[in-house]
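The block underneath contains the structure these notes are about, expressed in structure tokens.
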Amino acid sequence: MTVAADSSVHYNDGTVKKLETFVVHKPNKIGVVITTYNNPAWLEKCFWGWAAQTKQDFTLLIADDGSTEATRELIERYQRDSGLSIEHFWHEDQGFRKCEILNKVIAETDCDYLIFTDGDCVPMANLVQVHYDHAEANGFLSAGYFKLNMAVSNLVSQADISAGRLFEPDWLIAQGQPKSFKMAKLRTNPAYQRFMNWLTPTKATWNGANSSTWTADLKAVNGFNEQMQYGGLDRELGERLWNKGLTSKQIRYSTIFMHLDHKRGYEQPDIWRKNNAIRQETVRSKSTWTQHGIVKA
991 MTVAADSSVH
1001 YNDGTVKKLE
1011 TFVVHKPNKI
1021 GVVITTYNNP
1031 AWLEKCFWGW
1041 AAQTKQDFTL
1051 LIADDGSTEA
1061 TRELIERYQR
1071 DSGLSIEHFW
1081 HEDQGFRKCE
1091 ILNKVIAETD
1101 CDYLIFTDGD
1111 CVPMANLVQV
1121 HYDHAEANGF
1131 LSAGYFKLNM
1141 AVSNLVSQAD
1151 ISAGRLFEPD
1161 WLIAQGQPKS
1171 FKMAKLRTNP
1181 AYQRFMNWLT
1191 PTKATWNGAN
1201 SSTWTADLKA
1211 VNGFNEQMQY
1221 GGLDRELGER
1231 LWNKGLTSKQ
1241 IRYSTIFMHL
1251 DHKRGYEQPD
1261 IWRKNNAIRQ
1271 ETVRSKSTWT
1281 QHGIVKA
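Sequential numbering of the sequence shown, starting at 991, is according to my numbering.
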């Protein structure tokens, strides 16, 4: 028996059999979707993290839920001077409409693979590379984040981010971040990361701070449910992706965002209850489609 260059097997009796070909599906064009609303100081710190990525062939897609000119001016400056590829999607401020601006990005982008995060999250330098390396057909990735206190959030500089100090536990503690077992997520040993991704009891859910999947799969479930406001909107999307047959993979120890602190004046118990009811109905009905998404019923 011999194996030919065309991946066929030639047996001694003269028969020929084609070998099954396995194709590794990898993104052609990565988009990083960043939601923001009137916090240009934090968004700029995020830009510093994107400029420090080890893998640079990606486009930042800013999903702007109605910010004022200060945010627009910051984005235009970074479009002009930073070397980053940045596209700005904006709509008028009419209250919390995060799902609508996210759907606009999904509908209009030409990126085939999307990483989702927020404008208060500074990425680890390997983040784009890790999402690229783990991307698989018919699946989505669930990664992690580490919450900073306000003191560290305020003092962190571009130099701290570009040099990687922001991701070092000893540096964080020296700046006033309380020591915590959650700092284990900052360890960079690959074997440890793989083990902890396997060991963690945390379910590989879709979370808006650090998840990724294929644009086509997001369109197949009609994007985000625009009935939902703050609280659980990301998880509901993930439920529909699961119902559609996608599998999720845990990479929360492989790469993280540092979450800058801020007030959360938009949290409202009645909205949480409404959103939870929508999500529970998605689970109960095994729905793969929302009537209130990219395509309106």
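Here a beta-carbon is modelled for each residue, glycine too, at the ideal position from N, C-alpha and C.
Of the residues the options, which one's Cα is nearest the Cα of residue i?
i: residue 1261; options: 1247, 1222, 1284; result: 1222
i: residue 1039; options: 1272, 1134, 1183, 1115; result: 1115
i: residue 1215; options: 1265, 1178, 1103; result: 1265
i: residue 1160; options: 1149, 1173, 1153; result: 1173
i: residue 1072; options: 1101, 1054, 1042; result: 1042
i: residue 1035; options: 1156, 1228, 1206; result: 1156
i: residue 1225; options: 1245, 1273, 1253, 1258; result: 1273
i: residue 1050; options: 1068, 1060, 1285, 1044; result: 1068
i: residue 1237; options: 1124, 1076, 1020; result: 1124
i: residue 1019; options: 1046, 1025, 1152, 1037; result: 1046
i: residue 1074; options: 1154, 1081, 1065; result: 1065
i: residue 1022; options: 1083, 1030, 1085, 1103; result: 1103
i: residue 1164; options: 1178, 1145, 1028, 1153; result: 1145
i: residue 1100; options: 1210, 1162, 1204, 1220; result: 1204
i: residue 1117; options: 1086, 1063, 1176; result: 1176
i: residue 1017; options: 1031, 1048, 1213; result: 1048
i: residue 1153; options: 1267, 1126, 1120, 1044; result: 1044
i: residue 1122; options: 1138, 1128, 1105, 1134; result: 1105
i: residue 1080; options: 1026, 1015, 1070; result: 1026
i: residue 1209; options: 1228, 1220, 1170, 1191; result: 1228
i: residue 1279; options: 1251, 1253, 1015, 1232; result: 1232
i: residue 1211; options: 1277, 1267, 1259; result: 1277
i: residue 1098; options: 1267, 1128, 1206; result: 1206
i: residue 956; options: 1191, 1033, 1162, 1251; result: Past the boundaries of the shown model lies residue 956; the chain is included only from 991 to 1287, so the question cannot be answered.
i: residue 1037; options: 1085, 1086, 1108, 1082; result: 1108
i: residue 1147; options: 1031, 1192, 1270, 1171; result: 1031
i: residue 1170; options: 1191, 1185, 1139, 1181; result: 1139
i: residue 1258; options: 1082, 1086, 1078; result: 1086
i: residue 1192; options: 1213, 1078, 1134, 1271; result: 1134
i: residue 946; options: 1230, 1168, 1185, 1269; result: As shown, the chain starts at 991 and ends at 1287. That puts residue 946 outside it, with no answer to give.
i: residue 1286; options: 1213, 1267, 1263, 1082; result: 1213
Would you please state the rounded distance, in angstroms, between the beta carbons of residue i and residue j? I believe it to be under 8 Å.
i: residue 1234; j: residue 1132; result: That belief does not hold up - the Cβ atoms of residue 1234 and residue 1132 are roughly 16 Å apart, past 8 Å.
i: residue 1247; j: residue 1200; result: 5 Å
i: residue 1076; j: residue 1053; result: So it is not a contact: roughly 12 Å between Cβ atoms.
i: residue 1149; j: residue 1166; result: Rounded, the Cβ-Cβ distance is 18 Å, inconsistent with contact.
i: residue 1096; j: residue 1055; result: Incorrect: roughly 15 Å between the Cβ atoms, too far for contact.
i: residue 1197; j: residue 1110; result: With 8 Å as the limit, residue 1197 and residue 1110 do not qualify as a contact, their Cβ atoms being about 14 Å apart.
i: residue 1183; j: residue 1244; result: 5 Å
i: residue 1242; j: residue 1179; result: In fact, because the Cβ distance is near 15 Å, the residues do not count as touching under 8 Å.
i: residue 1151; j: residue 1120; result: That belief does not hold up - the Cβ atoms of residue 1151 and residue 1120 are roughly 17 Å apart, past 8 Å.
i: residue 1015; j: residue 1126; result: 7 Å
At what residues does the beta strand (DSSP E) containing residue i begin and finish?
i: residue 1247; result: 1246 to 1249
i: residue 1021; result: 1020 to 1026
i: residue 1048; result: 1048 to 1054
Which residue marks the beginning of the alpha helix (DSSP H) containing residue i, and which one marks its end?
i: residue 1260; result: 1259 to 1275
i: residue 1039; result: 1030 to 1041
i: residue 1168; result: Counting along the chain, residue 1168 falls outside any alpha helix (DSSP H), and DSSP gives it neither H nor E.
i: residue 1191; result: That residue, residue 1191, is in no alpha helix (DSSP H); it is neither H nor E in DSSP.
Let me confirm a value: residue i is counted as buried when at least 16 other C-beta atoms fall within 10 Å, else exposed. Which label applies?
i: residue 1218; result: buried
i: residue 1136; result: buried
i: residue 1060; result: exposed
i: residue 1088; result: buried
i: residue 1194; result: buried
i: residue 1281; result: exposed
i: residue 1284; result: buried
i: residue 1249; result: buried
i: residue 1057; result: buried
i: residue 1202; result: buried
i: residue 1189; result: exposed
i: residue 1070; result: exposed
i: residue 1012; result: Note on residue 1012: pLDDT 47, under 50, position unreliable in the model; no value is reported.
i: residue 1093; result: buried
Any beta carbon of chain D sitting closer than 7 Å to that of residue i?
i: residue 1187; result: Among the protein chains of the structure shown there is no chain D, as only one such chain exists.
Quick check: is any heavy atom of the ligand ADP less than 6 Å from the C-beta of residue i?
i: residue 1193; result: Of the ligands one can find in the structure shown there are none, so the ligand ADP has no counterpart to examine.
List in chain order: all unbroken alpha helix (DSSP H) runs of 4+ residues lying wholly within the region 1071 to 1134.
Fully enclosed alpha helix (DSSP H) runs of 4 or longer: 1088 to 1098, 1117 to 1124.
Which runs of the alpha helix (DSSP H) at least 4 residues long sit entirely within the region 1193 to 1249? Give them in chain order.
Note on the region 1193 to 1249: whole alpha helix (DSSP H) runs with a minimum of 4 residues are 1205 to 1210, 1223 to 1233, in chain order.
Entirely within the region 1134 to 1166 and at least 4 residues each: give me those alpha helix (DSSP H) ranges in chain order.
Runs found: 1140 to 1145, 1148 to 1152, 1159 to 1164.
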